[in-house]
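Colleague: If you read the sequences in order, they're chains A and B.
In terms of the numbering used here, the first sequence opens at residue 1077 and continues consecutively.
In terms of the numbering used here, the second sequence opens at residue 111 and continues consecutively.
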Amino acid sequence: MRALTAALEWQSRAVVGRHLRVYLKNWHTSFLPPVLEPITLLLAFGLGLGAYMTSGVEWNGRPVGYMTFVAPGMLAYATFMTSIFQSLFGAFIRMRYQRTWEGQLTTQIELRHVVWGEILWAGLLTTSYVAIMGLVLSCCQALGLIQLELGYLPLVIPIVFVSACAFAALGLCFTALVPTIDHMNLPIFLVILPLGFVSATYFPLGHPVLAAISTANPLFHLAEGLRGLLLGDNSGYHLGSLAGLLALMLSVLVPLDMRLLRKRVLGD
Amino acid sequence: MPPLLQARALVKRLGGRLVVDGVDLTCHAGQVLGLLGPNGAGKTTTLRMLYGFLSADGGAIRFEGVDVSKDLDRFKRQLGVCTQDDTFDGDFTVRQNLEIAARYFRPRPPEVPRRVDELLERFALGPYAGDKPEALSGGFRRRLMIARALVHRPRLLFLDEPTTGLDPQARVAVWDLVNGLRAEGLGIVLTTHYMDEAERLSDALTVLAQGKVVAHGTPKSVLGDMLGDHVVVLEANDSTMPAVAAWLTTRGLGEPMSVLGAWQLPLSGEQLADFAREFPALRYEVRPPNLDDLFLKLALPCAP
Chain A
1077 MRALTAALEW QSRAVVGRHL RVYLKNWHTS FLPPVLEPIT LLLAFGLGLG AYMTSGVEWN
1137 GRPVGYMTFV APGMLAYATF MTSIFQSLFG AFIRMRYQRT WEGQLTTQIE LRHVVWGEIL
1197 WAGLLTTSYV AIMGLVLSCC QALGLIQLEL GYLPLVIPIV FVSACAFAAL GLCFTALVPT
1257 IDHMNLPIFL VILPLGFVSA TYFPLGHPVL AAISTANPLF HLAEGLRGLL LGDNSGYHLG
1317 SLAGLLALML SVLVPLDMRL LRKRVLGD
Chain B
111 MPPLLQARAL VKRLGGRLVV DGVDLTCHAG QVLGLLGPNG AGKTTTLRML YGFLSADGGA
171 IRFEGVDVSK DLDRFKRQLG VCTQDDTFDG DFTVRQNLEI AARYFRPRPP EVPRRVDELL
231 ERFALGPYAG DKPEALSGGF RRRLMIARAL VHRPRLLFLD EPTTGLDPQA RVAVWDLVNG
291 LRAEGLGIVL TTHYMDEAER LSDALTVLAQ GKVVAHGTPK SVLGDMLGDH VVVLEANDST
351 MPAVAAWLTT RGLGEPMSVL GAWQLPLSGE QLADFAREFP ALRYEVRPPN LDDLFLKLAL
411 PCAP
């Protein structure tokens, strides 16, 4: 239980504060990816691929323009990738190369706070990233490129934050396990990219086997939940499933992260 | 008045191996306690348990008589830790490193900007305040590490091999800083491989070998207990060496310490007199023992 309540302790906030200070020092470069990513993807998937799909896609029994279909998926995919990569590479570099964690652990900060600091920071960073993407999507809506229910956009923020925290907890497991940064390819190609493919983020899952597998994939429920929300459809099933999966991930993965990292960082 | 830090019967297993086996040690305010021992003796593991990085499998650590396990957070507020490797934050400047370290303590250290200025001046880091730590020389990096460990005004400081890799001038500068901190009443626990450093800085020594305390006391008393009063140095290629080896064996003194073709025999006054009677024609030198001798003796696998 203490592993979970440590998220609320001041030490976890101090770790987040440290990461935020570093991020704000480089704000001018940090803001570029969330602005450019949706523009690039909308151009590539929407205008490029979408040009071949003039009739759009069928979603929940109704036709939807491909760019409109892709936009919520893009938010879900960004949530997944940003948080996972932050907890994989960002945390690994701080743990192994910069030795930031070791420095923090000689103070009143304990390993459980370092772990939560990394998770909460990934959640916060991802949420700000998605919020900026939301602003870019609003501009696209104004230009008539997509048709979303933008009034629901504020509801996306807390969903994205909790999802990003759970994905970061998954990423930290790999950070604790991979021996070197080169071995990051293993979780990326064996776990992360397959999860991304079976998620209905960029294309609907028509194949029954893929559709069955995707029901256990939190990214699928996040993508479909956000899509339901932003396309004004019923998203209760997917958001409910997402809540259950995220609660399971956080309650299992956070203590597991602490156990694995205790061995890795403290040698204990 | 209870000592600042007291550890009793500390035990730690790592990877199924007993690394620390019943270690006792005590450090008072205004005292430097030197923790010595060869590689693998358990010094760093002991130190890591003392500053709360590792939890002990057995034993107790008390700070001013209070069991630290009851309130580890409060105990850690009183500690400053300078690890063996540089662990400063490379994303920040020298000044920001001190400021960010202050944020890792509650209650928050008062008047942080003034404290940071004070430390920058005291450790001669002022000219580098706006630089990244990577730009500093080895000696100034160590100064930054020690300054960072002091930003919250701790009462007990852990220094894990603080001068390893430094040139003689930088080492002396660190010694002066440590002396100054002791004079201010800080308790300091120090590990080092440099025997001259341990002798000069330590008020008391605790010597570890294979995870156990093998000697404790002032540097002089530890040497007397572990090595005797004299060290006999003689050329190892002398034809009488087999006879000397046999003499050592019959008296249960074990193998001689061999250094660069010379044998070093730590002997008590009585044993030296006996040795002189036994080998009247042998040429040798007699000198007082030092901590290097102790280190060599502990490092010898067959040492008695």
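We put the beta carbon where it would ideally sit given N, CA and C, even for glycine.
If you pair each beta-carbon of the region 1178-1193 of chain A with each one of the region 1328-1336 of chain A, do three or more pairs fall below 8 Å?
Modeller: At 8 Å Cβ cutoff, the stretches touch.
Colleague: If we count Cβ pairs, one from each stretch, closer than 8 Å, do we get three or more for the region 1235-1243 of chain A versus the region 1196-1203 of chain A?
Modeller: Output reads yes: the region 1196-1203 of chain A touches the region 1235-1243 of chain A.
Colleague: May I have the straight-line CA-CA distance separating L115/B from S331/B, to the nearest angstrom?
Modeller: For L115/B and S331/B, the distance between alpha carbons rounds to 22 Å.
Colleague: Figure out for me which residue from P264/B, R258/B, P217/B and R252/B has the closest Cα to the Cα of I277/B.
Modeller: In the sequence on display, residue 277/B carries Asp and not Ile. Checking every option, the nearest Cα to that of D277/B belongs to R252/B.
Colleague: Contact between the region 255-273 of chain B and the region 207-215 of chain B: three or more CB pairs below 8 Å?
Modeller: Result yes; three or more Cβ-Cβ pairs closer than 8 Å.
Colleague: At the 8 Å Cβ level, is G126/B part of the contact set with chain A, yes or no?
Modeller: G126/B does not count as touching chain A.
Colleague: Kindly list, in the order they appear in chain A, the residues whose Cβ is closer than 8 Å to that of Y214/B.
Modeller: The contacting residues are Q1087, A1090, Q1180, T1183, Q1184 and I1185.
Colleague: Evaluate P329/B with the Cβ neighbour count: other Cβ atoms within 10 Å of its Cβ, from every protein chain shown; 16 or more gives buried, anything less gives exposed.
Modeller: Under this definition P329/B is a buried residue.
Colleague: Which value, in whole angstroms, describes the spacing of the CA atoms of L230/B and L1224/A?
Modeller: Distance between the alpha carbons of L230/B and L1224/A is about 56 Å.
Colleague: Give a yes or no on whether 8 Å exceeds the smallest Cβ distance from V130/B to chain A.
Modeller: No, because no Cβ of chain A sits closer than 8 Å to the Cβ of V130/B.
Colleague: With a 10 Å radius around its C-beta and 16 neighbouring C-beta atoms as the bar for buried, classify C1249/A as buried or exposed.
Modeller: It is buried - the Cβ of C1249/A has at least 16 other Cβ atoms within 10 Å.
Colleague: Rounded to a whole number of angstroms, what is the C-alpha to C-alpha distance between Y214/B and G379/B?
Modeller: Their backbone Cα atoms lie some 55 Å apart in a straight line.
Colleague: With A234/B as the anchor, note down where its alpha helix (DSSP H) starts and where it stops.
Modeller: Careful: A234/B lies outside any alpha helix (DSSP H) and carries neither H nor E.
Colleague: Please identify, using Cβ separations under 8 Å, the residues of the region 1310-1343 of chain A that lie next to chain B, in order along the chain.
Modeller: Within the region 1310-1343 of chain A, the residues whose Cβ lies closer than 8 Å to some Cβ of chain B are L1342 and G1343, listed in chain order.
Colleague: Say whether chain B places a C-beta atom closer than 8 Å to the C-beta of T1202/A.
Modeller: So, not an interface residue.
Colleague: Taking only three categories from DSSP, how would you classify V341/B?
Modeller: DSSP places V341/B in strand when its eight states are reduced to three.
Colleague: From the DSSP output, in three-state form, read off H262/B for me.
Modeller: Three-state DSSP puts H262/B in coil, outside helix and strand.
Colleague: Per DSSP, what kind of secondary structure is I1257/A in: helix, strand or coil?
Modeller: In the structure shown, I1257/A sits in a helix (DSSP, three-state: H, G or I).
Colleague: Evaluate the contact criterion for the region 146-165 of chain B versus the region 117-129 of chain B: three or more CB pairs, one atom per stretch, below 8 Å.
Modeller: Yes: at least three Cβ pairs fall under 8 Å.
Colleague: Looking only at C-alpha atoms, which of S1275/A, Y1099/A, T1176/A and L1151/A sits nearest to F1237/A?
Modeller: Minimum Cα distance to F1237/A is reached at L1151/A.
Colleague: Who are the neighbours of V1254/A on chain B, taking C-beta pairs under 8 Å?
Modeller: Chain B residues near V1254/A: none, gap ~20 Å exceeds 8 Å.
Colleague: Kindly indicate the opening and closing residues of the beta strand (DSSP E) around D134/B.
Modeller: R127 to C137 is the extent of the beta strand (DSSP E) around D134/B.
Colleague: Counting only runs that start and end within the region 1124-1186 of chain A, where is the beta strand (DSSP E) found for 3 or more residues in a row?
Modeller: Counting whole runs of 3 or more residues, the region 1124-1186 of chain A contains the beta strand (DSSP E) stretches 1133-1135 and 1138-1140.
Colleague: Could you tell me which uninterrupted beta strand (DSSP E) segments, each at least 3 residues in length, are contained entirely in the region 305-382 of chain B, listed from first to last along the chain?
Modeller: You should have 314-319, 322-327, 340-345, 367-369 and 372-377.
Colleague: Excluding five sequence neighbours on each side, which residues of the same chain lie with their C-beta closer than 8 Å to the C-beta of V284/B?
Modeller: Cβ neighbours of V284/B beyond the five flanking positions: G249, R252, R253, I256, P272, T273 and L276.
Colleague: Between the Cα of R265/B and those of L164/B, L363/B and V142/B, spot the shortest distance and give me the residue it belongs to.
Modeller: Nearest of L164/B, L363/B and V142/B to R265/B, Cα basis: V142/B.
Colleague: If I measure Cβ to Cβ from C412/B and keep anything under 7 Å in the same chain, skipping five residues before and after, which residues do I get?
Modeller: Low confidence applies to C412/B: its pLDDT is 45, below 50, so where it sits in the model is not reliable enough to give any reading.
Colleague: Go through its chain and collect everything with a Cβ distance to T136/B's Cβ below 6 Å, but skip five positions before and after it.
Modeller: P113 and Q116.
Colleague: What does DSSP give as the partner residue(s) for Q116/B in the beta ladder?
Modeller: Partner(s): T136/B and R172/B.
Colleague: Under a Cβ-count criterion, where at least 16 other Cβ atoms within 10 Å of its own Cβ denotes burial, should N1261/A be classed as buried or exposed?
Modeller: Answer is exposed; the Cβ neighbour count stays below 16.
Colleague: Go to E1300/A, then tell me how far its alpha helix (DSSP H) extends in each direction, as first and last residue.
Modeller: Note, E1300/A: alpha helix (DSSP H), P1294 to L1306.
Colleague: Any idea which residues DSSP pairs G144/B with across the strands?
Modeller: According to DSSP, which records beta bridges pairwise, G144/B is partnered with L300/B and L315/B.
Colleague: Closer than 9 Å, Cβ to any Cβ of chain A: which residues of the region 192-206 of chain B, in chain order?
Modeller: Listed in sequence order: C192, T193, D195, D196, T197, F198, D199, G200, D201, F202 and Q206.
Colleague: Would you say A245/B faces chain A, with C-beta separation under 8 Å as the test?
Modeller: Closer than 8 Å: no.
Colleague: Looking at the C-beta of A413/B, does it have a partner C-beta in chain A at a distance below 8 Å?
Modeller: Confidence is the limiting factor: at A413/B the pLDDT is only 41, short of 50, which leaves the residue's position unreliable and the question unanswerable from this model.
Colleague: Looking at L267/B and Y291/B, is the spacing between their C-beta atoms short of 8 Å?
Modeller: Note on residue identity: the sequence assigns Leu, not Tyr, to residue 291/B. For L291/B and L267/B, yes; Cβs fall inside 8 Å.
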